[in-house]
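Undergrad:
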Amino acid sequence: MIQDNILSKQHKPRIIAIANQKGGVGKTTTAVNLATAISAIDKKVLIIDLDPQGNASVSVGLSRLNTGANAYSVLTGRRRLSDAVAWTKIPNLSLVPASLDLLGIDIEFAEEKEPQFFLKKALNSTLLGYDYVIIDCPPAVGLLTVNALVASDAVIVPIQCEYLALEGVADLVKTIDKVKKHFNSNLEIQGIVLTMFDARNNLSDMVASDVRGYFGDKVYNTVIPRNVRVSEAPSHGKPVLLYDWRCSGAQAYISLAGEMLKREEGVCA
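Everything in the sequence shown is counted per our numbering, starting at 2 for the first residue and increasing by one.
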């Protein structure tokens, strides 16, 4: 009954991509825990796992080896997006799982006409009653990430508080600007989130200062600390907000979700 109600509501959700071409920056962790925090305030949230590694799927207790309806079958037009939705045990949160087949998308779609619009078309062809769609992008600026940016209203960029944190981010920003110019004029950077912050390390403070100097007020006030409970949670098939909501990492993601939603209010007002 809950599933039917979600699919029967007909309004356009806000679509937000979580992207960074570097791996290991907390991108999937940010996608999963933001989605979980938003779903906790009675918002219907869908995660689309576009990373072939399938870490977002695993982080909410679903298999990355789903061989039927998944993000790959949606992009290739073999399944409707609504048919690929997997229902998690977390209230209000569902997910379109990844597939290893996504690894070959750039080659497979090389001869296709306008392949950058495949995800947008899939989202537009199915009226889903979600408040938010969170897209977890792979750690590369390839066709999967471009599809996510073309389909999205906004982007959140996690940046790790470590050496060379800004390396590659300039390329991502250029890609965002190109997508905005040619394919999606409404696309905006919703925010930059500093992750894996270690208060004991002067380097974290230096990186945070550099990032804030570069991006200004686009950077969220909330920083995500380096926290072992955040690292442990995916191995238990849970977002850290459910694994240990009292730990510093979980509390930071709750704060980040509040900031994000406040910015969303300004956009949607």
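All residues carry an ideal CB built from backbone N, CA and C; glycine is no exception.
1) Is the distance from the Cβ of tyrosine 254 to the Cβ of asparagine 34 below 8 Å?
2) If you run the structure through DSSP and keep just helix, strand and coil, what is alanine 271?
3) Let me know if asparagine 106 comes out buried or exposed under the rule of 16 or more other beta-carbons within 10 Å of its beta-carbon.
4) Below 8 Å, how does it come out for the segment 35-45 and the segment 174-183: are there three or more Cβ pairs, yes or no?
5) Assess contact between the segment 137-144 and the segment 17-34, defined as three or more Cβ pairs (one per stretch) separated by less than 8 Å. Is contact present?
6) Between which two residues does the alpha helix (DSSP H) holding tyrosine 221 run?
7) Could you check the C-alpha separation between isoleucine 108 and threonine 77 for me, to the nearest Å?
8) Within a Cβ cutoff of 7 Å, which residues of the same chain sit near glutamate 258, ignoring the five residues on either side of it in sequence?
9) Where serine 232 and glutamine 252 are concerned, what is the direct C-alpha to C-alpha distance, given to the nearest angstrom?
10) Should leucine 92 go down as buried or exposed, given a rule of 16 or more other Cβ atoms within 10 Å for buried?
11) Check the DSSP bridge columns for phenylalanine 198 and list the partner residues they point to.
12) For the alpha helix (DSSP H) holding aspartate 178, just list the boundary residues, first then last.
13) Hey, which unbroken runs of the beta strand (DSSP E) at 3 residues or more fall wholly within the segment 35-99?
14) Give the single residue among Val26, Pro14, Ala18 whose Cα lies nearest to the Cα of isoleucine 225.
15) To the nearest angstrom, how far is it from the Cα of isoleucine 3 to the Cα of glycine 130?
TA: So, from the data block:
1) For tyrosine 254 and asparagine 34, yes; Cβs fall inside 8 Å.
2) Look at the range of the chain in this structure, 2 to 270, and you will see that residue 271 is not part of it.
3) According to the sequence shown, residue 106 is isoleucine rather than asparagine. It is buried - the Cβ of isoleucine 106 has at least 16 other Cβ atoms within 10 Å.
4) Output reads no: the segment 174-183 does not touch the segment 35-45.
5) Touching, yes, given that three or more Cβ pairs across the two stretches are closer than 8 Å.
6) Segment 220-226 is the beta strand (DSSP E) holding tyrosine 221; no alpha helix (DSSP H) there.
7) Looking at the two C-alpha atoms, the distance is approximately 13 Å.
8) At residue 258 the sequence reads alanine, which differs from the glutamate that was named. Counting only Cβ-Cβ distances below 7 Å, and skipping sequence neighbours, we find Leu35, Ala38, Ile39.
9) Approximately 14 Å between the Cα atoms of the pair.
10) Residue identity check: residue 92 is proline in the sequence provided, not leucine. With fewer than 16 other Cβ atoms from the protein chains shown falling within 10 Å of its own Cβ, proline 92 counts as exposed.
11) DSSP output for phenylalanine 198 lists Pro226 as bridge partner(s).
12) In the DSSP assignment, aspartate 178 falls within the alpha helix (DSSP H) that extends over 170-183.
13) Counting only runs that start and end inside the segment 35-99, the beta strand (DSSP E) elements of at least 3 residues fall at 46-50, 94-97.
14) Residue Val26 is the option with its Cα nearest to isoleucine 225.
15) The predicted model places isoleucine 3 with a pLDDT of 42, which falls under 50 and marks its position as unreliable, so this point remains unresolved.
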